[in-house]
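Colleague: Can you read through this structure? Questions will come right after.
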Amino acid sequence: MDQLQVYPLEHSPIAGILISFLVRVINELHSTKSATVTIGLANFNTPELDFIPAHLAKREKKVIVLLTLTATNSKYVITLANMYHMFGVIDILYVLIKVENIYFVGLNAAGTAFVRYKYNDMVQTLFPDRNSNLSARPYYVACYEDPTHTYKNKDNQIVGSAIELIDVIAKHQSTTAKYIYTPNAVPLFGPEQNISIDFATYRIIRISTTSHYSILQLSTMFRWCIAVPKRYNRNVSQGSSSTASLLVSFLVRIITELQCKRSSPFTVGLVNFNTSQNFDYIPAQLMQQVSTMAFVNIDLRQDSCEAQSLNARIIIHAIPSFSWITHKLSIFADALEIIQNFGLYGKSKKIIVLIDLDKVNHTEFEVLKQSYHHVGAIDILYVFEHSKQINIMVPALQKANKLVARSRWDSVSDLFPDRLSNLQGRPYKVACIENRPLTYRTDNDHIIGIDVDFINIIAKHQNTVALYKYTKNPIQLFKSWYDIEFDLATYRIKHEGLPYPFMPLYFPNQFRWCLAVPKTYNRVIHEQVIWPYTPSLWTLILSVAGFFLVYRLILKQLIQTHFPNAFPTINTPLQILRIMLLFLLTEYYTAKLTAILGLSEIPVYPKTLTEFAKSPIPLIVSHSSEYQYLLDNPEVQAKTIEWNFTKKYDPSGLALLQLCDLFPFTIDATTDNLGKRYSYHHYHLIDEPISTSICLSPFRKTSPRLERFQLYVTRLNEAGIWNHLMNKWILKDGHISPLFTANGALDVLYVIVRPKALTIVRFNNAVTNYVLLSLDSPLERLFPERFLDLHGRPYLVAWHENEPMTFLRNNIVVGVDVDFINIIAKHQNTHVEYTTSAPKNSRRTIDFATYRLINSKYWLQNASPLYFPNPNRWCLAVPRSYQRIVSGQLFRPFSLDLWILLLVLACVYLGYKTLLRQHLRHQYPEMFQILNAPINLLVLLLHFIILESYIAMLTKQLELLNVPSFPKTLQEFSESSIPLLLPVPDLFDYLKNNPSHADQLINWNRSMQYEPERLGILQMCDLFESTIEETTTLIGKRLDKHHFYLITEPVLTTAMVSTTPSTVFVTSSVRTQNGCK
């Protein structure tokens, strides 16, 4: 068996492949960028990979030398160029500055003369590829006597594998290689520079990290093997006989064909060949003819070693006789020990049993066959040697106890058929318990659940069924090696690394523990009885009620006594009016009060772990020391209650630990055990796991179906079947809640390094599976453009009422942002879903929000910024005020002459009324009748005309004298006495530039009420008309836009961001039309 010597990865052939791959990818990525890029190297301090940064850093560099030429130093230019060339700097450009002229020169490919370049020459011209064509510049290679690699043949020519490889490389570079041969290695590349030799083919085990040369890694390594002297016994003749040759050739063919079907090498296990005189020639023959395989040879009767860590895909078991056994159970123990030593539990490994029928009787063979069948060996081949003949038998497909004959020329697929693809007539026997929604029993005694559906899909693929045995609680399984009652159980057991009497089966779901907190709400009761109506309406209601009270007590009796005929006409309409007003006011009051009570029901329970740590809600758990979350958060540990199972608790005030995915199904039983049963509607689940642990399900050790079953579990989970079943069964808060997987970074390439191989993988676009890549994959396949087509992956956008950006119209979200985002989504072949709350489906996450937030560190800690084109511009809104000139307003409508005329006419009319009227009536009655009527008519006419004219002219005067006195510019505002209400004064540069106005600032205390009609208020310039009413309501009194004047000079422009979750990969590519990201 080959013995491998382990070397550091740096000196292995794979290192060169890895470095060349990384260099290629970096160069191609760099060529696609318009600006210089920086390469980040993370976690390369480990001994296995610490050589990579140095190799990447010492790639070919571009050197530009600036020289100022004078009469004294121009002769040194050639010397400097020769020195650079001698030290291996070939990509070099000399910029020579002489007075006012600049010259660009460089050495030619041979380094013998200067070549002049132009200022506008391309980079490819300035720095040509000097290593692609080395014509007339041969390699000088030192070599020594190293058989197979470099040596002199009979014709005195230097030949070998290394020579052929170097010649091929030189031919590709249009040059040749000249070899300097010495029988032994000679010192090269001393401290003084020696350029007569380019490199040497010497193989050196590098011990010191300091040397005067660089390392050239050829695709070979030292492999040290053990040479043992050959020995021969009586089987020499047998080993050379025709029967032995046929047996060896058959085994070689089987091993070779099985190896061809595997992508990676494996080990062949040889059992009991050391004490088998009939078959002891086989190991040496196999190792000689199959040199690419590794073999391990153990003797169960002498050795106690275990080979479980070896990838033994083929086991060859030699049975010359059973003379050493004392009981037939020893045969079963022999087969069981093979399964144990090679770790074959649950695996369909290939087993070849060599039996000498001249010494093994039929009874012993039947016991052996039953033993292998019982321990789960199904891919088994029996090779019988009898009377110098070879017979081959394999178990029948559907009847494992029956053997069928096979020929030596049959293919591997006939000798080892797939016995697990068709299990017809051999059902899975499954134990299950009450564990909703994974498995549970219905009222009709049907076993249903997620696990049941999942196992049934696997069974159907294998052309069989599953039989379920239900128990309310788990039962003890696999009590002995002979217990084959069950194949597996759906129990979930926390993986603690203990020795189990079964093999672990891993279903897709794991234990994720979350906190469930009781839902509590805070109602604003203050003045709720009064809030539905305004004070003016309450005044009107009280007035109407007072009127009806006076009417009922006083007026009704008076009207009925004094006006009996009019009473029915008055009383009936009043009663109808009273009933109608009572009905309308009562219904309106009830509706308004209901709306206020609903809006004032504010949830105050914590929704995140951070909020829970700050809340006073105690947490009750059992075995609190097992949870690292409690140890890391002493404030939570301080309020944690250790669950005493003998006591009763009130769960309505306690936080509980629940399985995140099964919370709706387990909360009832948990609260019932505490003291009082509550459903999941009474609790809120904080969907941030505080603990995650791997869980396993038992699978029978001696069953060969485990490996295939686990493969089905993995493939079906990758295909999304498990998530589909979770969506079907798990109901959380009335909505489907599948498992959540967060994958934030998509442009990630995973390079898996093994000692002799590299594996390169990445995620597919849907992040549901891995894509296997090769070293030669182009850059477009390594890092594909993932966001040009998002078909089937809509954006989920959070929005709020922010007219005109986003608002609801006819139950449809519309607005500027909505139109803008829809255009982007259409270009990416997808659509947008808008939401005002967190998604109830835990697999969905909000991609981004249309909120406009100040770009601060707080938001950047929890989200990535998304910049829409419009920044927030803050302007001052000042209350409108007018100055009235009251002096002379009563006299201005009429001129002074008119006032005198009116005064004279008034005096004449007054004299007539007091003196002349009585005199005319008594002395001249006839004249009085003629004059009095026209005079009265004239007075009435003049009074009407003068009064109407006065009112009209006074109104006009008042309108003209209503002069606005509020400030219209920031300069006028700084000179005014209007106080300014601000939430955070230090944020605004306007205040810093106007210290004279700082004395009039009012720091907004949210718990106080203000009079907004006396204050200057900061408003967003573009949204002033739609936001001023909400702002004044928060301040203390609702006022509309007509009460304020907006000074359109911004006092502050803030870079506003819309939040994007840091772990979301789709929205990280959203670009607005102005190029912002």
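Residue 1076 is where the sequence shown ends in numbering that gives the first Met the number 0, and the numbering goes up by one at each step. Just so you know, even glycine gets a beta-carbon here, dropped at the ideal spot from N, CA and C.
(1) Give the range of the alpha helix (DSSP H) segment to which Lys-349 is assigned.
(2) Within the continuous alpha helix (DSSP H) that includes Ser-160, where are the two ends?
(3) Quick one: which unbroken alpha helix (DSSP H) runs of 4-plus residues sit fully inside the region 810-880? Chain order, please.
(4) Beta-carbon separation of Ile-446 and Tyr-469 under 8 Å?
(5) What separation, rounded to the nearest whole angstrom, lies between the Cα atoms of Ile-18 and Leu-422?
(6) Would Leu-865 pass as a contact of Phe-847 if the rule is Cβ separation under 8 Å?
(7) I'd like to check one pair, His-385 with Leu-1131: are the Cβ atoms closer than 8 Å?
(8) Is Ile-18 helix, strand or coil by DSSP?
(9) May I have the straight-line CA-CA distance separating Pro-186 from Tyr-139, to the nearest angstrom?
(10) In its own chain, which residues sit with a C-beta less than 8 Å from the C-beta of Ile-474, not counting the 5 before and 5 after it?
(11) Could you spell out where the alpha helix (DSSP H) holding Tyr-75 opens and where it closes?
(12) Under three-state DSSP, which class holds Val-516?
(13) At the 8 Å Cβ level, is Thr-670 part of the contact set with chain B, yes or no?
(14) Just how far apart, CA to CA, sit Asp-671 and Gln-657?
(15) Assuming Gln-172 and Asn-132 are in contact, meaning their beta carbons sit under 8 Å apart, how far apart are those beta carbons, in whole angstroms?
(16) By alpha-carbon positions, which one of Leu-414, Lys-471 and Thr-805 ends up nearest to Glu-433?
(17) Is it true that the CB of Asn-570 sits closer than 8 Å to the CB of Lys-555?
(18) With C-beta atoms as the reference, is Gln-574 less than 8 Å away from Phe-566?
(19) Does the distance from the CB of Pro-319 to the CB of Asn-273 come in under 8 Å?
(20) Rounding to the nearest angstrom, what Cα-Cα distance links Tyr-75 and Lys-151 in this structure?
(21) Buried or exposed: Ser-820, going by 16 or more other Cβ atoms within 10 Å of its Cβ?
(22) Which same chain residues end up closer than 7 Å to Phe-364 when comparing Cβ atoms and leaving out the 5 residues on each side of it in sequence?
(23) Exposed or buried, what is Asp-374 when buried is set at 16 or more other beta-carbons lying within 10 Å of its beta-carbon?
(24) Under the assumption that Leu-367 contacts Ala-334 (Cβ atoms under 8 Å), give the Cβ distance between them as a whole number of angstroms.
(25) CB-CB under 7 Å to Pro-1078, same chain, minus the five flanking residues each way: which ones, in chain order?
(26) Considering Cα atoms alone, identify which of Val-516, Tyr-143 and Asp-154 is closest to Ile-162.
(27) When you compare only the Cα positions, how much space is there between Arg-707 and Ser-248?
(28) Taking 8 Å as the threshold (C-beta atoms), are Tyr-682 and Pro-517 in contact?
(29) To which residues does DSSP link Val-562 through a beta bridge?
(30) How about Pro-963 and Arg-879: do their beta carbons lie closer than 8 Å?
(31) Are the beta-carbon atoms of Tyr-677 and Ser-651 separated by less than 8 Å?
(32) Are Leu-629 and Thr-645 close, meaning C-beta to C-beta below 8 Å?
(33) Report the rounded CA-to-CA distance for Leu-781 versus Tyr-1044, giving the unit in angstroms.
(34) Alpha carbon to alpha carbon, what distance is there between Ile-619 and Tyr-490?
Modeller: Considering the structure as presented:
(1) Premise fails: Lys-349 lies in the beta strand (DSSP E), 349-355, not in any alpha helix (DSSP H).
(2) 160-171
(3) 815-826 and 856-861
(4) yes
(5) 49 Å
(6) yes
(7) In the structure as shown, the chain begins at 0 and stops at 1076. Residue 1131 is therefore absent and cannot be evaluated.
(8) helix
(9) 15 Å
(10) Ala-430
(11) 75-85
(12) strand
(13) Checking the listed chains, one finds no chain B in this structure; it contains a single protein chain.
(14) 14 Å
(15) 7 Å
(16) Lys-471
(17) yes
(18) no
(19) no
(20) 46 Å
(21) The sequence as given places Ile at residue 820; Ser does not occur at that position. Counting Cβ neighbours within 10 Å, Ile-820 comes out buried, since at least 16 surround it.
(22) Ile-354
(23) A small fix is needed here, since residue 374 is Val in this sequence, not Asp. Result: buried.
(24) 7 Å
(25) Residue 1078 is absent from the model: the chain starts at 0 and stops at 1076.
(26) Tyr-143
(27) 31 Å
(28) yes
(29) At residue 562 the sequence reads Phe, which differs from the Val that was named. Partner(s): none; Phe-562 has no beta bridge.
(30) yes
(31) yes
(32) no
(33) 59 Å
(34) 25 Å
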